[in-house]
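Note sheet for the following structure.
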Amino acid sequence: PPPLPAPSAMLTSRAPALCTALRRAAPGGLASFHSSAGRCRAARVAVVLSGCGVYDGTEIHEASAVLVHLSRGGAEVQMYAPDVPQMHVIDHSKGQPAEAESRNVLVESARIARGKITSLAKLTAADHDAVIFPGGFGAAKNLSTFAVDGKDCKVNREVERVLKDFHKAGKPIGLCCISPVLAAKVLSGAEVTVGHEEEEGGKWPYAGTAGAIKELGAKHCVKEVTISFPDNFPHVDTKNKVVTTPAFMCETALHHIFDGIGAMVKNVLKLTGK
């Protein structure tokens with residue numbers, strides 16, 4: 173058989189056809205490819221933390237999962253936290269309050285943010301395309317008083333402002349684990365999920381939260397945490413652009429939590445239109 177032409181010769185022989193195809197695809201010339209690429213801006217997402225550690229702050233696995241999936245989705249991320257004292261400090265090795273200690277939510281959140289943390293007072297909807305709240309008891313203790321007051325809880329003033337501003341601007345809000353109670357309290361008629369409404373032998377140990385969400389005037393939707401149920405996780409309230417997933421409200425394997433949060437993040441990014 174005749175020898176194959178060298179790769180350089182093949183490219184040279186096909187150059188006219190390639191140029192013609194490129195001109196048809198980009199009537200404005202090759203420069204138009206670069207200019208259009210420049211117009212594709214990454215979604216700017218704010219992540220609001222509530223301290224560091226599941227029992228008195230942000231659930232670290234959830235925060236990490238949110239950040240990994242945002243990175244994978246190409247988002248630009250800025251982390252925020254309120255500059256306020258924690259409700260209390262929990263010794264995580266004992267699960268008991270450390271009575272002599274006091275800590276600041278912003279300072280503790282900086283541990284997760286690797287120091288790159290900003291006061292929540294500086295967060296504006298105008299500067300971001302979406303906002304996400306990881307879970308952890310900090311959402312119910314430091315971002316609100318839900319852990320103590322239930323349906324009669326109050327939400328931190330800056331947290332309430334952020335939720336209302338993003339909602340008014342039509343920008344998506346993502347929440348996982350216990351943090352959907354914040355949207356339930358602040359956004360009238362919002363649809364959220366914290367998983368199931370019955371404990372089911374301990375699989376859903378915080379199932380009672382669903383009842384409190386209903387008492388707050390929100391709609392609770394029963395959802396799964398795992399991608400084994402692709403049509404039943406997470407919950408997307410398209411009207412209010414609120415996306416929620418149960419995460420550690422369920423006693424399940426860590427990779428299921430990770431995947432569920434990934435689905436929440438993916439839907440939040442989709443709603444930004446970026």
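So in the working numbering, spot 84 of the sequence shown is number 256, and the numbers just go up one at a time.
Built from N, CA and C at the ideal position, the CB exists for glycine as well.
Identity of the residue in the options nearest residue i by Cα
i: Lys294; options: Arg333, Phe309, Lys266, Arg286; result: Arg333
i: Ala341; options: Leu347, Asp301, Ala362, Ser243; result: Asp301
i: Tyr252; options: Tyr227, Arg286, Pro344; result: Arg286
i: Gly361; options: Gly373, Thr230, Thr317, Gly389; result: Gly389
i: Val320; options: Ala384, Leu221, Asn412; result: Ala384
i: Val279; options: Thr296, Leu221, His241, Ala270; result: Leu221
i: Gln450; options: Asp228, His392, Gly374, Lys343; result: Limits of the chain in this structure are 173 at one end and 446 at the other, which puts residue 450 out of reach.
i: Lys391; options: Tyr378, Gln250, Glu372, Asn412; result: Asn412
i: Ser291; options: Ala419, Pro254, Lys357, Asp324; result: Pro254
i: Lys386; options: Gly246, Val397, Lys357; result: Lys357
i: Pro306; options: Cys325, Thr444, Ile284; result: Ile284
i: Gly225; options: Ile289, Ile345, Glu234; result: Glu234
i: Gly322; options: Val217, Ser351, Gly346; result: Ser351
i: Ile304; options: Val249, Ala282, Arg213, Glu396; result: Val249
i: Ala218; options: Leu335, Ala270, Cys325, Ala419; result: Leu335
i: Glu372; options: Ala297, Glu396, Lys446; result: Glu396
i: Thr296; options: Ser274, Lys442, Ile289, Asp337; result: Asp337
i: Asn439; options: His241, Val331, Leu315; result: His241
i: Ile289; options: Lys266, Glu271, Gly223, Ala272; result: Gly223
i: Met421; options: Lys442, His368, Leu443; result: His368
i: Ser274; options: Leu443, Asn314, Ala215; result: Asn314
Contact with chain C by residue i, beta-carbon distance below 8 Å
i: Pro377; result: Absent from the structure is chain C; it holds one protein chain and no more.
Pairwise C-alpha distance: residue j and residue i
i: Val394; j: Ser243; result: 29 Å
i: Glu370; j: Ala382; result: 9 Å
i: Pro257; j: Asn276; result: 4 Å
i: Thr417; j: Val327; result: 20 Å
i: Ile232; j: Ile262; result: 15 Å
i: His260; j: Ile429; result: 26 Å
i: Trp376; j: Phe309; result: 16 Å
i: Asp299; j: His427; result: 32 Å
i: Gly245; j: Val366; result: 24 Å
i: Gly445; j: Ala247; result: 12 Å
i: Val331; j: Cys325; result: 13 Å
i: Lys266; j: Tyr378; result: 20 Å
i: Ala419; j: Ala272; result: 32 Å
i: Arg216; j: Leu441; result: 9 Å
i: Lys343; j: Ala425; result: 31 Å
i: Leu239; j: Val364; result: 21 Å
i: Ala214; j: Ala270; result: 42 Å
DSSP state of residue i mapped onto helix, strand, coil
i: Thr417; result: strand
i: Pro344; result: coil
i: His392; result: strand
i: Val256; result: coil
i: Phe309; result: coil
i: Arg216; result: strand
i: His407; result: strand
i: Val353; result: helix
i: Ser236; result: helix
i: Glu363; result: strand
i: Ala298; result: helix
i: Leu194; result: With a pLDDT of only 46 at Leu194, under 50, the local geometry of the prediction cannot be trusted, and the value read off the model is given with reservation. Leu194 falls in the helix class under three-state DSSP.
i: Val303; result: strand
i: Val440; result: helix
Expected contact under 8 Å - CB spacing of residue i and residue j to nearest Å
i: Leu354; j: His339; result: The Cβ separation is near 12 Å, so there is no contact.
i: Met436; j: Cys348; result: 6 Å
i: Ile433; j: Ala237; result: 4 Å
i: Gly374; j: Glu423; result: 6 Å
i: Asp431; j: Thr410; result: About 22 Å; that fails the 8 Å criterion.
i: Ser281; j: Thr317; result: Not quite, the Cβ-Cβ distance comes to about 19 Å (not below 8 Å), so this is no contact.
i: Ile345; j: Val414; result: 5 Å
With a floor of 3 residues, list each beta strand (DSSP E) that falls wholly inside the segment 238-293, ordered by position along the chain.
Whole beta strand (DSSP E) segments, 3+ residues: 248-253, 289-291.
Which parts of the segment 319-343 are runs of the alpha helix (DSSP H), unbroken and 4 residues or longer, counting only runs that do not cross its ends?
Taking only runs of at least 4 residues, the alpha helix (DSSP H) segments lying wholly in the segment 319-343 are 329-340.
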